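J.: I'd like to ask you about the structure that follows.
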Amino acid sequence: MKVLTAKELFENKGKDLALSLVTEPKSLSNTIQDDHLNRPGLAISGYLGYFLYKPIQILGETEISYMQTIKEDVLYDRIKAMFEYSIPLIIVTKGLSIPQQVEFLANEMNIAIMSSRLSTDNLISSLTRYLKEYFAPNKSIHGTLIEVYGVGVLLTGKSGIGKSECALDLIERGHRLIADDLVKITRYEDTLIGTQVNDFGCFMEVRGVGLIDVERMFGVEAFRKRTIIDTQVELLLWQDNVDYERIGLTNNYVDVLGANIPIIYLPVSPGKNISVVIEVIALNHILKNYGYEAAEVYQRKLNEKLQKKNITNKFGKTFD
Amino acid sequence: MIRKTVKVLNKHGLHTRPCALIVKTASKYRSDLVIKKGSIEVNGKSIMGVMMLAAEHMSELELIANGVDEEYLVNDIVELFATKFGEE
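In the order they appear, the protein sequences are chains D and B.
According to numbering that gives the first Met the number 0, the first sequence holds residues 0 to 319 in order.
According to numbering that gives the first Met the number 0, the second sequence holds residues 0 to 87 in order.
Here you go:
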């Protein structure tokens, strides 16, 4: 798992979170490996069972005012016991000042303390968002990501099968490319976001031609920086003895970084116009999201007709 | 060319699943298959066509196969009808 040092947090978010360092700078080398936050109220009161020491600890007005009610020597012992766990970082909110012995112990035991001028609620929500984004699982995969009618379609398949050519055709039809050849996928909660791996702009390689600059060639409208990946389309070489989906009553899903997205296995053969099919897939995805499944509707109509015929045969009466 | 008459024995008739089975089976062979119901003739390898028949329980269909492996094709399809497509 990725790690975040207190120093990186301070440099990246110091301004947004109105942070200032309380302890000595050497404590900034502590590493954070958890995307949650913890408020150590019970730990301060002396109960250290199940103490979540890995996340950043937040001390708000409640904790600070509670500390002030405890006798000095008792507080010293409790904080010392609490700091025996290797807490990476403590953030005090509202710019409150912490008791002298807490600061002393933190310096002694190499625990970073920062002070933020934000209120506890604001700090927690902004910091959580930042941590979730920082620790979001991601990977890069071989494929092409294109947004068709607002639907993020991830094209995958063996190299040379025609992903880039298909993407070019879709750009010509007014759709937008996000990344070609290499797509970086990041999962936030249940959504997958696809971006380019580098920020060179939108270049792609076309076999036999070489590199082209999509943005220069087709204009800014042909390019987007990021999009939500809604569906995956795997291009496969057409094989005679393989069963391809004919009706569409079964939906296949694929697991990407722990999130499920629909996948369609699309057979391709020379001369087939894939881009039209991709457009159809995107539109069908929109319809399915609105709750309309063409295959199911057709099936229902067919069943109704068959039932009517059955009844007609039995009773010799027509209902049509 | 082989012609053979079959009867739809399963209770629910040729709904989507049996149709898909017929098309899947027919597509394994090189011969052509035509399914005839009354005056309607459809290609046995086209799912929309077979579903269009809306063949109900106890209706009669004619299978017309033409090609090098027509016998095997017809036997396979007849078998499907006889076993009621694995339904009741």
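Glycine included, every Cβ here is placed at the ideal spot set by N, Cα and C.
Remember, it's a predicted structure, so these values are computed and weren't measured experimentally.
Grab the span of the alpha helix (DSSP H) containing B:P17 for me, first residue to last.
T.: Residue numbering aside, residue 17 of chain B sits at position 18 when the second sequence is read from its first letter. From DSSP, the alpha helix (DSSP H) with B:P17 extends over T15 to A25.
J.: So for D:N11, helix, strand or coil by DSSP?
T.: In the first sequence, the residue the question calls residue 11 of chain D occupies position 12. The answer is helix: DSSP assigns D:N11 an H, G or I state.
J.: Below 8 Å on the Cβ atoms is my contact criterion, and I expect D:L130 with D:D34 to pass it. Report the Cβ-Cβ distance as a whole number of Å.
T.: The residue labelled residue 130 of chain D in the question sits at position 131 within the first sequence. The residue labelled residue 34 of chain D in the question sits at position 35 within the first sequence. Confirmed, Cβ separation roughly 4 Å.
J.: Please tell me whether D:A17 and D:R116 are closer than 9 Å, where the distance is taken between their beta carbons.
T.: Residue mapping note: residue 17 of chain D aligns to position 18 of the first sequence, counting from 1. Residue mapping note: residue 116 of chain D aligns to position 117 of the first sequence, counting from 1. Yes, these two residues count as a Cβ contact at 9 Å.
J.: Assuming B:I21 contacts B:G37 (C-beta within less than 8 Å), just tell me the rounded distance between them.
T.: For the purposes of this step, residue 21 of chain B is identified with residue 22 of the second sequence, where counting begins at 1. For the purposes of this step, residue 37 of chain B is identified with residue 38 of the second sequence, where counting begins at 1. So it is not a contact: roughly 18 Å between Cβ atoms.
J.: Among D:L176, D:V232 and D:I246, which has the Cα closest to the Cα of D:R215?
T.: As a first step, residue 215 of chain D must be located in the first sequence, where it is residue number 216. It is D:L176.
J.: D:E132 to D:V255, Cα distance in whole Å?
T.: Reading the first sequence from its first residue, position 133 is the one you call residue 132 of chain D. Reading the first sequence from its first residue, position 256 is the one you call residue 255 of chain D. Going from the Cα of D:E132 to the Cα of D:V255 covers about 17 Å.
J.: What are the boundary residues of the beta strand (DSSP E) that includes D:N143?
T.: On the first sequence, residue 143 of chain D is found 144 positions in, with the first residue counted as 1. The sequence given here has Thr at residue 143 of chain D, not Asn. First-last of the beta strand (DSSP E) with D:T143: T143 to V147.
J.: When you compare the segment 76 to 91 of chain D with the segment 42 to 50 of chain D, are there three or more beta-carbon pairs, one atom per stretch, that lie closer than 8 Å?
T.: Taking 8 Å as the limit for Cβ pairs, the verdict is that the segment 42 to 50 of chain D does touch the segment 76 to 91 of chain D.
J.: To the nearest angstrom, report how far apart D:K224 and D:T143 are at their CA atoms.
T.: The count along the first sequence starts at 1 and reaches residue 224 of chain D at position 225. The count along the first sequence starts at 1 and reaches residue 143 of chain D at position 144. The alpha-carbon atoms of D:K224 and D:T143 are separated by roughly 13 Å.
J.: Residues of the segment 230 to 245 of chain D in Cβ contact with chain B at a cutoff of 7 Å, in chain order, please.
T.: Hits within the stretch, in order: D242 and R245.
J.: Nearest CA to the CA of D:T68: which residue from D:I43, D:I57, D:R172 and D:Q306?
T.: Within the first sequence, the letter at position 69 stands for residue 68 of chain D. The candidate whose alpha carbon is nearest that of D:T68 is D:I43.
J.: Measuring straight from C-alpha to C-alpha, what distance separates D:G290 and D:L282?
T.: Here residue 290 of chain D is taken as the residue at index 291 of the first sequence, counted from 1. Here residue 282 of chain D is taken as the residue at index 283 of the first sequence, counted from 1. C-alpha separation (whole angstroms): 13 Å.
J.: Using the Cα positions of D:R128 and D:F134, report the straight-line distance between them to the nearest angstrom.
T.: As a working note, residue 128 of chain D is residue 129 in the first sequence. As a working note, residue 134 of chain D is residue 135 in the first sequence. One C-alpha to the other measures close to 10 Å.
J.: Near D:P98, which residues of its chain fall below 6 Å by C-beta distance, leaving aside the five closest residues on each side in sequence?
T.: Your numbering for residue 98 of chain D matches position 99 in the first sequence. Once the five neighbours on either side are set aside, the close Cβ partners of D:P98 are M66.
J.: Are D:M108 and D:L88 touching if we call contact CB-CB under 9 Å?
T.: Locating residue 108 of chain D in the first sequence gives position 109, counting from the first residue. Locating residue 88 of chain D in the first sequence gives position 89, counting from the first residue. Against a cut-off of 9 Å, the Cβ pair of D:L88 and D:M108 comes out as no contact.
J.: Nearest chain B C-beta to D:Y264 closer than 9 Å, yes or no?
T.: To locate residue 264 of chain D, count along the first sequence from 1; it is residue 265. Closer than 9 Å: no.
J.: Whose C-beta lies closer than 7 Å to the C-beta of D:N240 among residues of the same chain, with five residues either side of it excluded?
T.: Translated into the one-based positions of the first sequence, residue 240 of chain D becomes position 241. Closer than 7 Å at Cβ, skipping near neighbours: no residue.
J.: Who are the Cβ neighbours of D:H174 in its own chain at under 7 Å, not counting the five residues just before and after it?
T.: Locating residue 174 of chain D in the first sequence gives position 175, counting from the first residue. For D:H174, where only same-chain residues beyond five positions count, the Cβ hits under 7 Å are I145, E146 and V147.
J.: Enumerate in chain order the residues of its own chain whose CB-to-CB distance from D:E204 is below 6 Å, with the five nearest sequence positions on each side excluded.
T.: Locating residue 204 of chain D in the first sequence gives position 205, counting from the first residue. Cβ within range, chain order: L210.
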